[in-house]
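Asks: Reading the sequence shown from the start, the letters are residues -16 to -1, 1 to 565 in mature numbering (1 follows the signal peptide of the UniProt record, and there is no 0).
Glycine included, every Cβ here is placed at the ideal spot set by N, Cα and C.
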Amino acid sequence: MATLLYTIIGMTASASLNCAVRREISPCTCSPHGFFANTIEVKCEQMESFHQVVDALQDRFTPDYNIWLTISHSQLLDLASQSFYEMNMNIKTLKMNYDNLSQLPVDTFQNLPRLEYFSASENRLEEIPADMFQHMPNVGTLDFAKGNLRFINGNTFKSLQNLRHLIVASNLLQRIDADTMPRTLISLHYGHNNLTTLNGTLRHLDELKLLFANDNHLTSLDDELPLASPNLMTIFAQNNAIDHLPIEIKYLKNLDSLFLHGNRLKSFDGLLARSSQLTKLVAFDNEINHLRRDEFIEAERLEDLQLAENKLTNLNGSLQNMKGLIIANFSYNLLNEFSLQEVTGLRKLRILDLSHNKIEKLTGRMENLVDSGSIIYELRLQHNLLKSLDGTLMGLNNLKILNVAHNMLETITPDDLIGMENLEHLDLSFNKLNTLEELSKTFLPSLQSVNASYNLLTTMDKDFHGLPVLCTADLSNNMIRVLSVDLVSQTRCSNHGVPNKLEIFLQENPVLCDESLPELVSQMESFHTRLIGIAHCIVPQQIPIDSPIFMQPPIPLLKPLLQPQIPMVPAPVMIQQPSIV
């Protein structure tokens, strides 16, 4: 092992020395490869001609060095006048990027038998010459991305018996001849082109593991995928116009990740039911309106399910066998009711997103807390039509984040939050709550923040008595007229065990216009609580402007969170809003 290490170090040092004494290759530069022994990276940038490149590198490196050559941002109008063979060096990797190339003269690339990687991306190439690769038979990776290719004919890659990776993404491809692709391909990138069909080019690619066909104009994958391929693991087919899955997909037993978002799928037709190796399914922004009960019956390894922006009205018990599910996103659908029994037994589920639906009712309370097995950390229910929670969330004892903002909640009961000892963030904003009194009857020992802004709250008395470590309370834009010091008498903000101040936001609440505000601020300070906010206060015209309530607040002005315009002063007069920090 030590001998091998010294050998590698010696080779690298030798390569470094070789570069150090080759000043004559200027303006090209060279450096030893950071990982591969006996390998030198040569870069020629902003060259004025191909002749300049050949002249700088010709006979500079002995054949026992592997050369990784990059020619970029150069003017190579004379590319056809000379060849790489004239450089007399062992080129293993050749990158010609950003060179404004519109064609590749075949003779320039003759006699490159050791070339393994060739990239001509970021150019203006409109075609790949049919006999381009006759003299570079060992190329394993080809990159022709980001050009102007419009078609690939059937003979283009026939000489490449070792081709493993092909990238032709981000071109203008409209046609690829059948039988064009070598059977040896492992990864193929067709993405971001103008293809309306794959023309059967994949059917014989039994070695293929990774396929990119995204961002084209495909309407169907029927008879396109390798039949019963034992190797295909990942398919990117998003942003097309595909309206159904091909039947062949049910035979891809090792399929691991499937990306189908931005298509026109209406259902999965049960074709993924036996996908036992599937771990990630992304199919948001489709037209899926139904899930079969056995849709994912063998998908026990599925971890990430993204079905947002579809037309689902229910889940139909389709998740029951997803024992490995971690993230489930059903936002922006048409769900009008949701039963927590849908996720009972999913012991790995961390995030459940049901936001932006039409849910009016939650059902399926997890009565048996042990058998429920729920460890959901985050539940997103914002932007629905809930009027109450009905104690349905009982049993979600591992919740850390609960968002029920933008609903129609009129009350919160102790049963709604009972047992949530790990809850850290609670969002109740934009509802119709007129009190938070019931929070005092629920013990939430970990709650750090509560947002109850934009409700109908009028009085805050003992509401925080069950929130011992609360640090942030947003009560802005309510109708609070009474704010008792007793509100915070049993609360002391604590960040990871470090005591801090509780901040209560009171933006646009009448309590800020009360003449006893300075006294309240002082009392709150004694309980390590800071009041923050500004409010517009209507005051009868006869009250002197220098009345104490409108004098400088007892503590420095807060830079307004909002910058409301102060209107012209009619009678009654609107005085500069008081601020507190």
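Looking only at its chain, what residues have a beta carbon closer than 6 angstroms to the beta carbon of Leu353, apart from the 5 residues adjacent to it on each side?
Replies: Caution is warranted here: a pLDDT of 48 is assigned to Leu353, below 50, making its placement in the model unreliable, and no coordinate value can be reported.
Asks: Please tell me whether Leu286 and Phe314 are closer than 8 angstroms, where the distance is taken between their beta carbons.
Replies: No, these two residues do not count as a Cβ contact at 8 angstroms.
Asks: Taking the alpha helix (DSSP H) that Phe268 falls in, what are its first and last residues?
Replies: Premise fails: Phe268 is in no alpha helix (DSSP H) and is neither H nor E.
Asks: Would you say the segment 385 to 395 touches the segment 407 to 425, given that touching needs at least three Cβ pairs under 8 angstroms?
Replies: Judged by Cβ distances under 8 angstroms, the segment 385 to 395 makes contact with the segment 407 to 425, as three or more pairs qualify.
Asks: Mind checking whether Gln159 and His188 have CB atoms under 8 angstroms apart?
Replies: It is worth fixing the name first, because residue 159 is Arg in this sequence and not Gln. Not in contact: Arg159 and His188 (Cβ atoms no closer than 8 angstroms).
Asks: Note the first and the last residue of the continuous beta strand (DSSP E) segment covering Glu321.
Replies: Here the beta strand (DSSP E) through Glu321 covers 321 to 323.
Asks: Contact defined as beta carbons within less than 8 angstroms: I believe Met31 pairs with Gln59. What is the distance between those atoms, to the nearest angstrom?
Replies: Going by Cβ atoms, the distance from Met31 to Gln59 rounds to 7 angstroms, so yes, they are a contact pair.
Asks: Exposed or buried, what is His173 when buried is set at 16 or more other beta-carbons lying within 10 Å of its beta-carbon?
Replies: His173 comes out buried.
Asks: May I ask you to list the residues that DSSP assigns as paired with Asn200?
Replies: Answer is none; Asn200 lacks a bridge partner.
Asks: Can you name, in chain order, every residue of its own chain whose Cβ lies under 7 angstroms from the Cβ of Pro113, other than the five neighbours on each side?
Replies: So the list reads Leu88, Val90, once near-sequence residues are dropped.
Asks: My assumption, with CB atoms under 8 angstroms, is that Leu299 sits in contact with Glu326. Please give the rounded CB distance.
Replies: Confirmed, Cβ separation roughly 5 angstroms.
Asks: Going by DSSP in three states, Ala101 sits in which element: helix, strand or coil?
Replies: It should be noted that the sequence gives Tyr, not Ala, for residue 101. Strand.
Asks: Per DSSP, Phe314 is paired with what?
Replies: BP columns for Phe314 are empty, so no partner.
Asks: Does DSSP put Ser171 in a helix, a strand or coil?
Replies: Correct three-state label for Ser171: strand.
Asks: Jot down the residue ranges of each uninterrupted beta strand (DSSP E) in the segment 227 to 262, minimum 3 residues, whole runs only, in chain order.
Replies: Complete beta strand (DSSP E) runs here, min 3: 241 to 243.
Asks: Rounded to whole angstroms, what is the Cα-Cα separation between Gln94 and Thr54?
Replies: If you take the alpha carbons of Gln94 and Thr54, they lie about 18 angstroms apart.
Asks: Is it right to say Ser500 is buried, meaning 16 or more other beta carbons lie within 10 angstroms of its own, or is it exposed?
Replies: Ser500 comes out exposed.
Asks: Determine the direct distance from the alpha carbon of Phe243 to that of Ser213, and round the result to whole angstroms.
Replies: Distance between the alpha carbons of Ser213 and Phe243: 18 angstroms.
Asks: Tell me where the alpha helix (DSSP H) around Ile505 begins and ends.
Replies: Here residue 505 turns out to be Val, not Ile, going by the sequence shown. Here the alpha helix (DSSP H) through Val505 covers 501 to 510.
Asks: From Thr218 to Leu486, what distance separates their C-alpha atoms?
Replies: So the two alpha carbons sit approximately 49 angstroms from each other.
Asks: Just to confirm, are Leu99 and Asn122 a CB contact at a threshold of 8 angstroms?
Replies: Against a cut-off of 8 angstroms, the Cβ pair of Asn122 and Leu99 comes out as a contact.
Asks: Name the residue from Ala197, Ile75, Leu239, Gln36 whose alpha carbon lies nearest to the alpha carbon of Thr46.
Replies: The shortest Cα separation from Thr46 among Ala197, Ile75, Leu239, Gln36 belongs to Ile75.
Asks: Mind checking whether Lys384 and Glu362 have CB atoms under 8 angstroms apart?
Replies: Yes, they are a contact pair.
Asks: By DSSP, does Leu337 sit in helix, in strand, or in coil?
Replies: As written in the sequence, residue 337 is Asp, which differs from the Leu given in the question. The answer is strand: DSSP assigns Asp337 an E or B state.
Asks: What does a CB cutoff of less than 8 angstroms around Ile231 pick up in its chain, not counting 5 residues either side in sequence?
Replies: Excluding residues within five positions, the ones whose Cβ falls inside 8 angstroms are Asp206, Leu255.
Asks: What is the rounded straight-line gap between the Cα of Glu8 and the Cα of Gln66?
Replies: Looking at the two C-alpha atoms, the distance is approximately 20 angstroms.
Asks: Would you call the CB atoms of Asn84 and Asp48 closer than 8 angstroms?
Replies: Contact flag unset, no.
Asks: For Asn139, is the classification buried or exposed, using 16 other Cβ atoms within 10 angstroms of its Cβ as the cut-off for buried?
Replies: Exposed, because fewer than 16 other Cβ atoms sit within 10 Å of the Cβ of Asn139.
Asks: What residue range is occupied by the uninterrupted beta strand (DSSP E) comprising Val37?
Replies: Not the beta strand (DSSP E): Val37 falls in the alpha helix (DSSP H), residues 34 to 41.
Asks: Going along the chain, which residues of its own chain have a beta-carbon closer than 8 angstroms to the beta-carbon of Lys342, five neighbours each way excluded?
Replies: Closer than 8 angstroms at the Cβ level, and outside the excluded window around Lys342, lie Leu318, Leu319, Asn320, Asn368, Leu369.
Asks: Drop a sphere of 10 angstroms on the beta-carbon of Asp337, count the other beta-carbons inside from all chains shown, and report buried for 16 or more, exposed for fewer.
Replies: Buried: at least 16 other Cβ atoms inside 10 Å.
Asks: If we count the other Cβ atoms within 10 Å of its Cβ and call it buried at 16 or more, is Ile529 buried or exposed?
Replies: For Ile529, the pLDDT reaches just 42, beneath the cut-off of 50, and the residue's location in the model is therefore unreliable, although a value from the coordinates is still provided. With fewer than 16 Cβ atoms within 10 Å of its Cβ, Ile529 is classed as exposed.
Asks: Distance, Cα to Cα, residue 567 vs Asp470?
Replies: For the chain, the structure presents residues -16 to 565; residue 567 sits outside this window and is missing.
Asks: Could you tell me how far apart the beta carbons of Asn493 and Leu459 are, in whole angstroms, since I believe they sit closer than 8 angstroms?
Replies: Sure, about 7 angstroms apart at Cβ, within 8 angstroms.
Asks: Less than 8 angstroms between C-beta atoms, sequence neighbours within five positions excluded: which residues of the same chain meet that for Asp199?
Replies: So the list reads Gly175, His176, Asn177, Gln222, Asn223, Asn224, once near-sequence residues are dropped.
Asks: From the DSSP output, in three-state form, read off Met71 for me.
Replies: Correct three-state label for Met71: helix.
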